[in-house]
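Heads up: the structure comes next, in structure tokens.
In this note's numbering, the protein residues as written are 2 to 336.
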């Protein structure tokens with residue numbers, strides 16, 4: 002399943018190549034990953050950073066920069082394109098325009114805004130900067146562009162035994178989501194799932210309770226979220242509140258709740274809090290030995306996603322394949 006999923010993403014990238022922007026450029030893993038993306042015709046790599054320093058790093062590590070664009074942060078051509086798109090959203094306010102222009106000298110802000118003000122480009126960072134910095138800059142860009150709504154972090158976790166991918170959300174952004182936020186996280190995760198996997202999404206809203214086995218305000222929040230999800234997508238297979246074992250093993254789920262809609266294992270797991278989601282992700286990766294990629298930022302256009310600081314070059318490559326497939330081809334700022 003892992004090969005099928007990633008091969009499908011690879012095929013889509015080759016069919017619809019995008020500009021792949023690396024905002025944390027001074028990293029040999031980035032150089033080698035960019036080289037592979039270019040060689041396999043999967044996209045057009047752009048590395049943000051100082052031309053001399055990045056070229057020197059590439060030469061020392063014998064990585065060719067042919068067909069890899071190196072762009073210093075705030076370069077005039079990209080800056081003008083970004084500001085052309087942003088000025089209407091900023092109401093041509095001179096103070097705000099100067100504020101944004103100053104931000105473009107920061108590689109992370111520059112890379113994110115290059116991607117978010119484009120129709121197709123996509124930015125990756127977090128290998129040198131922190132995920133907290135990445136998410137903060139994403140939220141900042143949303144304020145600049147007057148984009149309402151929440152974002153959340155999706156991680157793709159691969160079953161160690163059969164390579165089957167499952168989606169965990171939210172693992173990166175919202176500490177204590179309310180019912181409306183949980184519902185939005187679930188709907189966004191379903192949309193991300195459908196972008197890359199040819200399989201029916203089966204959603205589990207995780208809890209310490211299954212089908213009312215416990216009474217608590219936290220359980221009430223999940224039950225309310227389910228009602229909202231069904232109102233937004235009546236045909237969706239969604240179960241909750243539900244414990245993880247009941248969601249993953251249908252034979253247990255049907256014993257705990259004979260009316261459970263999950264006749265097969267869930268493939269989307271929505272966690273009740275960031276505490277739960279992030280901890281479960283680390284347990285899956287380090288205790289269970291599962292591959293985990295992401296977080297992929299969802300809720301807007303999928304224009305920017307996170308590497309983790311300890312990612313291998315192979316994991317960076319696979320993260321790009323998945324993130325590129327999740328990118329929506331739409332304008333987020335009208336002409």
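Ideal Cβ positions, reconstructed from N, Cα and C, are used throughout, including at glycine.
Residues that residue i bridges to, as DSSP identifies them
{"i": "residue 240", "result": "205"}
{"i": "residue 1", "result": "This structure leaves residue 1 out entirely; the chain is present only between 2 and 336."}
{"i": "residue 166", "result": "159"}
{"i": "residue 72", "result": "49"}
{"i": "residue 184", "result": "Its beta-bridge partners do not exist; DSSP assigns none."}
{"i": "residue 154", "result": "298"}
{"i": "residue 136", "result": "None; residue 136 has no bridge partner."}
{"i": "residue 59", "result": "Per DSSP, none; premise fails for residue 59."}
{"i": "residue 306", "result": "125, 297"}
C-alpha distance - residue i paired with residue j, whole-angstrom precision
{"i": "residue 11", "j": "residue 152", "result": "25 Å"}
{"i": "residue 84", "j": "residue 267", "result": "44 Å"}
{"i": "residue 206", "j": "residue 131", "result": "28 Å"}
{"i": "residue 333", "j": "residue 305", "result": "Reliability fails at residue 333, whose pLDDT of 37 lies under 50, so the model's placement of it is uncertain and the value that follows must be treated cautiously. Roughly 13 Å separates the two Cα atoms."}
{"i": "residue 173", "j": "residue 303", "result": "15 Å"}
{"i": "residue 185", "j": "residue 102", "result": "32 Å"}
{"i": "residue 14", "j": "residue 122", "result": "12 Å"}
{"i": "residue 272", "j": "residue 124", "result": "26 Å"}
{"i": "residue 1", "j": "residue 86", "result": "The requested residue 1 is not part of the displayed model; the chain covers only 2 to 336."}
{"i": "residue 234", "j": "residue 141", "result": "30 Å"}
{"i": "residue 109", "j": "residue 126", "result": "7 Å"}
{"i": "residue 59", "j": "residue 105", "result": "25 Å"}
{"i": "residue 255", "j": "residue 164", "result": "25 Å"}
{"i": "residue 263", "j": "residue 288", "result": "26 Å"}
{"i": "residue 162", "j": "residue 258", "result": "27 Å"}
{"i": "residue 154", "j": "residue 299", "result": "6 Å"}
{"i": "residue 62", "j": "residue 223", "result": "51 Å"}
{"i": "residue 335", "j": "residue 116", "result": "Residue placement at residue 335 is flagged as unreliable, the pLDDT there being 34, under the threshold of 50; a coordinate-derived value is accordingly withheld."}
{"i": "residue 318", "j": "residue 217", "result": "43 Å"}
{"i": "residue 166", "j": "residue 221", "result": "29 Å"}
{"i": "residue 274", "j": "residue 56", "result": "43 Å"}
{"i": "residue 45", "j": "residue 156", "result": "24 Å"}
{"i": "residue 187", "j": "residue 323", "result": "18 Å"}
{"i": "residue 73", "j": "residue 228", "result": "49 Å"}
{"i": "residue 79", "j": "residue 204", "result": "41 Å"}
{"i": "residue 296", "j": "residue 327", "result": "12 Å"}
{"i": "residue 195", "j": "residue 189", "result": "10 Å"}
{"i": "residue 41", "j": "residue 6", "result": "18 Å"}
{"i": "residue 199", "j": "residue 321", "result": "19 Å"}
{"i": "residue 291", "j": "residue 147", "result": "38 Å"}
{"i": "residue 107", "j": "residue 242", "result": "43 Å"}
{"i": "residue 89", "j": "residue 301", "result": "19 Å"}
{"i": "residue 201", "j": "residue 231", "result": "16 Å"}
{"i": "residue 32", "j": "residue 18", "result": "18 Å"}
{"i": "residue 191", "j": "residue 16", "result": "23 Å"}
{"i": "residue 97", "j": "residue 54", "result": "32 Å"}
{"i": "residue 95", "j": "residue 316", "result": "42 Å"}
{"i": "residue 325", "j": "residue 193", "result": "11 Å"}
{"i": "residue 43", "j": "residue 70", "result": "15 Å"}
{"i": "residue 82", "j": "residue 128", "result": "26 Å"}
{"i": "residue 133", "j": "residue 276", "result": "15 Å"}
{"i": "residue 238", "j": "residue 150", "result": "24 Å"}
{"i": "residue 260", "j": "residue 283", "result": "32 Å"}
{"i": "residue 77", "j": "residue 118", "result": "15 Å"}
{"i": "residue 29", "j": "residue 178", "result": "37 Å"}
{"i": "residue 249", "j": "residue 170", "result": "15 Å"}
{"i": "residue 120", "j": "residue 93", "result": "22 Å"}
9 Å Cβ cutoff, residue i in contact with chain B
{"i": "residue 249", "result": "Absent from the structure is chain B; it holds one protein chain and no more."}
Rounded distance between the beta-carbons of residue j and residue i, thought under 8 Å
{"i": "residue 278", "j": "residue 9", "result": "Not a contact, Cβ separation roughly 26 Å."}
{"i": "residue 91", "j": "residue 145", "result": "7 Å"}
{"i": "residue 75", "j": "residue 111", "result": "6 Å"}
{"i": "residue 168", "j": "residue 269", "result": "5 Å"}
{"i": "residue 251", "j": "residue 265", "result": "6 Å"}
{"i": "residue 281", "j": "residue 293", "result": "Going by Cβ atoms, the distance from residue 281 to residue 293 rounds to 10 Å, so no, they are not a contact pair."}
{"i": "residue 307", "j": "residue 27", "result": "Their Cβ separation, rounded to whole angstroms, is 17 Å, which puts residue 307 and residue 27 out of contact at 8 Å."}
{"i": "residue 113", "j": "residue 138", "result": "5 Å"}
{"i": "residue 180", "j": "residue 247", "result": "So it is not a contact: roughly 21 Å between Cβ atoms."}
{"i": "residue 208", "j": "residue 182", "result": "Not really, about 15 Å apart at Cβ, beyond 8 Å."}
Item to complete: Decide if the stretch 311-320 is in contact with the stretch 209-224; the criterion is three or more beta carbon pairs, one per stretch, under 8 Å apart.
Response: Short answer: they don't touch.
Worksheet item: Is the stretch 24-40 close to the stretch 64-74, with three or more CB pairs under 8 Å?
Response: Yes, the stretch 24-40 is in contact with the stretch 64-74.
Item to complete: Would you mind listing the alpha helix (DSSP H) stretches within the stretch 64-130 that are 4+ residues and don't spill past its ends, in chain order?
Response: Runs of alpha helix (DSSP H) with 4 or more residues, each lying fully within the stretch 64-130, are found at 77-90, 95-104, 108-117, listed in chain order.
Worksheet item: Hey, is the stretch 45-60 in contact with the stretch 21-29, meaning 3+ C-beta pairs nearer than 8 Å?
Response: Segments in contact, yes.
Worksheet item: Where are the beta strand (DSSP E) runs, 3 residues long or more, that stay fully inside the stretch 264-297, in chain order?
Response: List check, beta strand (DSSP E) in window: 269-271.
Practice prompt. Could you pull out every unbroken beta strand (DSSP E) segment of at least 3 residues lying fully inside the stretch 205-234, listed in chain order?
Written response: Listed in chain order, nothing qualifies, since the stretch 205-234 has no complete beta strand (DSSP E) run of 3 or more residues.
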